[in-house]
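K.L.:
Top to bottom, those sequences are chains G and L. All letters in the first sequence, in the order written, are residues 1 to 332 by this note's numbering. All letters in the second sequence, in the order written, are residues 1001 to 1332 by this note's numbering. All C-beta atoms, glycine included, are put in the ideal place defined by N, C-alpha and C.
Number of protein chains: 2
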Amino acid sequence: MNARLASSRDNIDDLAERLLNGQRAALARGITLVESKKPAHREQAEALLTKVMGATGNAFRIGVTGVPGVGKSTTIDTFGSNLTAAGHKVAVLAVDPSSTRTGGSILGDKTRMAQLAVDRNAYIRPSPSAGTLGGVAAKTRESMLLCEAAGFDVILVETVGIGQSETTVAQMVDFFLVLMLPGAGDELQGIKKGVLEIADLIAVNKAEGDGLIRARSAASEYRAALNILAPRSKYWSPPVLTISGLANEGLEDLWGQLGIFKERMQASGDWESKRAEQQLAWMWGLLNEKLQTALKANPEIKAALPDVEGAVKSGNLPATAAASKLASLFGI
Amino acid sequence: MNARLASSRDNIDDLAERLLNGQRAALARGITLVESKKPAHREQAEALLTKVMGATGNAFRIGVTGVPGVGKSTTIDTFGSNLTAAGHKVAVLAVDPSSTRTGGSILGDKTRMAQLAVDRNAYIRPSPSAGTLGGVAAKTRESMLLCEAAGFDVILVETVGIGQSETTVAQMVDFFLVLMLPGAGDELQGIKKGVLEIADLIAVNKAEGDGLIRARSAASEYRAALNILAPRSKYWSPPVLTISGLANEGLEDLWGQLGIFKERMQASGDWESKRAEQQLAWMWGLLNEKLQTALKANPEIKAALPDVEGAVKSGNLPATAAASKLASLFGI
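1. Are the CB atoms of G/K206 and G/D153 within a distance shorter than 8 Å?
2. Enumerated in chain order, which unbroken segments of the beta strand (DSSP E) with a length of 3 residues or greater are wholly contained in the stretch 137 to 163 of chain G?
3. Based on Cα-Cα distance, which residue from L/G1066, L/A1297, L/G1134 and L/S1081 lies nearest to L/V1118?
4. With DSSP as the reference, label L/Y1222 as helix, strand or coil.
5. Taking all protein chains shown into account, decide if L/Q1266 is buried (16 or more other Cβ within 10 angstroms of its Cβ) or exposed.
6. Could you spell out where the alpha helix (DSSP H) holding L/I1076 opens and where it closes?
7. Say whether the stretch 1275 to 1295 of chain L touches the stretch 1226 to 1244 of chain L, bearing in mind that this needs 3 or more beta-carbon pairs closer than 8 Å, one atom from each stretch.
8. Are the beta-carbon atoms of L/D1174 and L/W1271 separated by less than 8 Å?
9. Could you give the residue range of the alpha helix (DSSP H) that holds G/L27?
10. Taking just the CA atoms, how far does L/V1204 sit from L/V1095?
11. I need the boundaries of the alpha helix (DSSP H) containing G/A47, first residue and last residue.
12. What residues from chain L crowd round G/G54, counting only those whose CB sits closer than 9 Å?
13. For G/T293, count the other beta carbons within 10 Å of its own beta carbon; 16 or more makes it buried, fewer makes it exposed. Which is it?
14. Is it the case that the Cβ atoms of L/V1092 and L/L1146 are separated by a distance below 8 Å?
15. Leaving out five residues before and five after G/L33 in sequence, what residues of the same chain have Cβ atoms less than 7 Å from its Cβ?
16. For a cutoff of 8 Å on Cβ pairs, would you count G/W282 as touching chain L?
17. On the DSSP letters alone, give me the boundaries of the beta strand (DSSP E) that L/I1124 sits inside.
18. Which residues mark the beginning and the end of the beta strand (DSSP E) in which G/L241 is found?
19. Measuring alpha carbon to alpha carbon, tell me which of L/T1056, L/S1008 and L/A1219 ends up nearest G/G315.
20. Can you give the beta carbon distance from L/L1326 to L/I1301, rounded, assuming they're within the 8 Å contact cut?
21. For G/Q279, return the contacting residues in chain L, with the cut-off set at a CB-CB distance below 8 Å.
22. Check whether the Cβ atoms of G/T74 and G/T159 lie closer than 8 Å to each other.
23. Kindly list, in the order they appear in chain C, the residues whose Cβ is closer than 7 Å to that of L/S1324.
24. At the level of alpha carbons, what is the spacing between L/S1220 and L/D1253?
25. Given a limit of 7 Å on CB to CB distance, which residues of the stretch 20 to 52 of chain G reach chain L?
26. Using DSSP with H/G/I as helix, E/B as strand and the rest coil, what is L/T1132?
27. Closer than 7 Å by beta-carbon distance: list the chain L residues that pair up with G/I332, in chain order.
28. Assign G/M265 to one of three DSSP states: helix, strand, or coil.
29. Would DSSP call G/V169 helix, strand or coil?
30. Spatial neighbours of L/V1070 within its chain, please: C-beta separation below 6 Å, excluding the five flanking residues on both sides.
31. CB-CB under 7 Å to L/S1165, same chain, minus the five flanking residues each way: which ones, in chain order?
32. Only counting the same chain, and skipping five residues up and downstream in sequence, which positions put a Cβ closer than 6 Å to that of G/G103?
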């Protein structure tokens, strides 16, 4: 082992220890390693993660989505502050494949959650900007593990709902919370495909003042819509609540529902088995990505691919024959 | 080239010619090659497909699903007979990963569609039984191409709705028809996840006699449910019809809707682009399967996999580190 490697290992040991002690600077440094694209950082990140894995898994992982304007930031700010007041340590992460990481956007994340931003028991980290959703999500998953190792017991993973981002976030959390705007009838139209089906709870936000009646009416429409779908788990039928992030109303009930969910899932064993499946699916997803990358980097594949894809798209080459050809070029 | 290969090639040339002439025996022989697991047959099947590809793509590919008891066979029998009477050539294929291919099940498929079974302009082929859904579907896709090459211009791909089979069938057809039972309120509960979202049209069947009013009531509930979901295409909002396969009612309207769909999709270019995407996705899916097979057959991976998977599932090894380890064992 050369001196530089040894030194890097010492640093990682030290970083892991400080992180496990809950030092915010160490957590921030760890997440920076996780998010870095440099191969050396990548190795350090994997070493760090491997070191702290034993201290992960103790948080309640909660995904939060909702269209722009639904009041995600306000609700997370209030909800998270309630939780820290009750003794929890709350980390807020984000998956936003469209984000560009600048000083501005970090500031943005901090200012849009004014209470949590200055809360010693909260940690806010904006979305990594890494191009693909898969890339962004992988970094957020790893950051989540580091937050858990640093002692955070509630992780809120926020997503903006671009493309497949909700499904991706649903696959990394224990519970998926969907915030909806009040409104009824026609206003309900156009709910994004699939979002009802991954929701573990729908919270109609802005149930305050004049909005209260509209929120209740929306809630009953969502209940009817959810009734038509078969529940995913025999232990849980997604409830529909009305809340106000702004007025801090209904959030206690929301936390209560989360508690019931956790209790039931842990009692049935689904909590652990879902996590095990998520981890395994993530590993296979990463491995598939690596295989794809290796395949596409192969010079013979590179040379042949445009013609092969063209012939398949135009219907002149059967997909089976095309796949066989590419596989034999790759030597499998 | 050795004599045997040359002879096999001659045979395929001959088979292709007879198939393109619409000979049923040649079509049946082609599908048998497609469904065979013998490597020699596999090669012949790919050669045959490559030969006839130019004559494929001219059919309207229609997926049909519905729970057992909804009247799929009766409806397909009546609908298909209407179409052959109007001059169409109709092939009925099936994707049923649970089927076991026996004389009995073939007979079953023929007897449950009594009119089409004796119709010279119809061809019924039961589901291949090849274990995995992916395997079954791949063979059905290829059989579909052979039917097109043999001059069939309407392909009905029936599926029973086990596991992901609806989604898989939706990915190989132009139009996905969902048959529903009449009933309302509570009876609507428990619609399989995702099926509303891949439906291009919902037909409430058994709208006959006493069932008419219940069918109409169910149809309006489905309309309300579909209204909540955002349409997949800006050119098409899935209609809800009431039909009776038994009494041959509403099937003309159904065919009319299919015609409008085709016209709009062809005018917008979505028809061709959807097919091109389907073909490409199929090719990549097949290639991924081959990569997975090669990976899992690798002796070093085989030896390491149980421990690695175990450590990932128990949360002791980060998925990223596990994927890196397996990738390096595989030499990528």
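P.N.:
Once the coordinates are examined:
1. Mapped onto the first sequence, residue 153 of chain G falls at position 153. Mapped onto the first sequence, residue 206 of chain G falls at position 206. No; because the gap between Cβ atoms is not below 8 Å, this pair is not in contact.
2. Listed in chain order, they are 154 to 159.
3. Taking the first residue of the second sequence as position 1, residue 1118 of chain L is located at position 118. Answer by Cα proximity: L/S1081.
4. The residue you call residue 1222 of chain L lines up with position 222 of the second sequence. Here L/Y1222 sits in helix by DSSP.
5. Indexing the second sequence from 1 puts residue 1266 of chain L at position 266. L/Q1266 is classed as exposed because its beta carbon has fewer than 16 other beta carbons within 10 Å across all chains shown.
6. Position 76 of the second sequence, counting from 1, holds the residue named residue 1076 of chain L. Its alpha helix (DSSP H) spans residues K1072 to A1085.
7. With a cut-off of 8 Å, the stretch 1226 to 1244 of chain L and the stretch 1275 to 1295 of chain L do not count as touching, because too few Cβ pairs lie within range.
8. Locating residue 1174 of chain L in the second sequence gives position 174, counting from the first residue. Locating residue 1271 of chain L in the second sequence gives position 271, counting from the first residue. In this structure, L/W1271 lies closer than 8 Å to L/D1174 by Cβ.
9. Locating residue 27 of chain G in the first sequence gives position 27, counting from the first residue. Where G/L27 is concerned, the enclosing alpha helix (DSSP H) stretches over R24 to E35.
10. On the second sequence, residue 1095 of chain L is found 95 positions in, with the first residue counted as 1. On the second sequence, residue 1204 of chain L is found 204 positions in, with the first residue counted as 1. Their Cα atoms are separated by approximately 22 Å.
11. Walking along the first sequence from the start, residue 47 of chain G turns up at place 47. Counting along the chain, G/A47 sits inside the alpha helix (DSSP H) bounded by residues P39 to V52.
12. Taking the first sequence and counting its residues from 1, the one referred to as residue 54 of chain G is at position 54. G/G54 reaches chain L at G1315 and N1316, counting residues in chain order whose Cβ is nearer than 9 Å.
13. Residue 293 of chain G sits at position 293 when you count from the first residue of the first sequence. With fewer than 16 other CB atoms across the displayed protein chains lying within 10 angstroms of its CB, G/T293 is exposed.
14. Residue numbering aside, residue 1092 of chain L sits at position 92 when the second sequence is read from its first letter. Residue numbering aside, residue 1146 of chain L sits at position 146 when the second sequence is read from its first letter. Taking the C-beta atoms as reference points, L/L1146 is found no nearer than 8 Å to L/V1092.
15. Looking up residue 33 of chain G in the first sequence gives position 33. In the same chain as G/L33, and ignoring 5 residues on each side of it, the C-beta atoms closer than 7 Å to its own belong to H41, Q44, A45 and L48, in chain order.
16. On the first sequence, residue 282 of chain G is found 282 positions in, with the first residue counted as 1. Chain L places a beta carbon closer than 8 Å to that of G/W282, counting this residue as a contact.
17. In the second sequence, residue 1124 of chain L corresponds to position 124, counting from 1. Here the beta strand (DSSP E) through L/I1124 covers A1122 to I1124.
18. What you label residue 241 of chain G is simply residue 241 of the first sequence in a count that begins at 1. From DSSP, the beta strand (DSSP E) with G/L241 extends over V240 to T242.
19. Counted from its first residue, the first sequence places residue 315 of chain G at position 315. With distances taken between Cα atoms, G/G315 lies closest to L/T1056.
20. Position 326 of the second sequence, counted from the start, is the residue given in the question as residue 1326 of chain L. Position 301 of the second sequence, counted from the start, is the residue given in the question as residue 1301 of chain L. Right, the Cβ-Cβ distance comes to about 6 Å (below 8 Å), so this counts as a contact.
21. In the first sequence, residue 279 of chain G corresponds to position 279, counting from 1. The contacting residues are V1312, K1313, G1315 and A1319.
22. Sequence index remark: in the first sequence, residue 74 of chain G carries index 74 (1-based). Sequence index remark: in the first sequence, residue 159 of chain G carries index 159 (1-based). Between G/T74 and G/T159, the CB-CB gap reaches or exceeds 8 Å.
23. The structure shown contains no chain C; its protein chains are G and L.
24. Mapped onto the second sequence, residue 1220 of chain L falls at position 220. Mapped onto the second sequence, residue 1253 of chain L falls at position 253. Roughly 17 Å between the two C-alpha positions.
25. Per Cβ criterion, the list reads E46, L49 and T50.
26. As a working mapping, residue 1132 of chain L is identified with position 132 in the second sequence. Reduced to three states, the DSSP call for L/T1132 is coil.
27. As a working note, residue 332 of chain G is residue 332 in the first sequence. By Cβ distance, chain L contributes K1290, L1291 and A1294.
28. Numbered from its first residue, the first sequence carries residue 265 of chain G at position 265. In the structure shown, the three-state DSSP call for G/M265 is helix.
29. One-based indexing of the first sequence puts residue 169 of chain G at position 169. Looking at G/V169 - three-state DSSP - the assignment turns out to be helix.
30. Taking the first residue of the second sequence as 1, we reach residue 1070 of chain L at position 70. Residues of the same chain with a CB within less than 6 Å of the CB of L/V1070, apart from the 5 flanking positions on each side, are L1179, L1181 and N1205 in chain order.
31. On the second sequence, position 165 is the one that residue 1165 of chain L refers to. If we look at L/S1165 and ignore the five residues flanking it on each side, its Cβ neighbours are V1095, P1097, L1133 and T1159.
32. Position 103 of the first sequence, counted from the first residue, corresponds to residue 103 of chain G. Its pLDDT being 36, under 50, G/G103 is placed unreliably in this model, and the value from its coordinates should be taken loosely. Excluding residues within five positions, none has a Cβ falling inside 6 Å.
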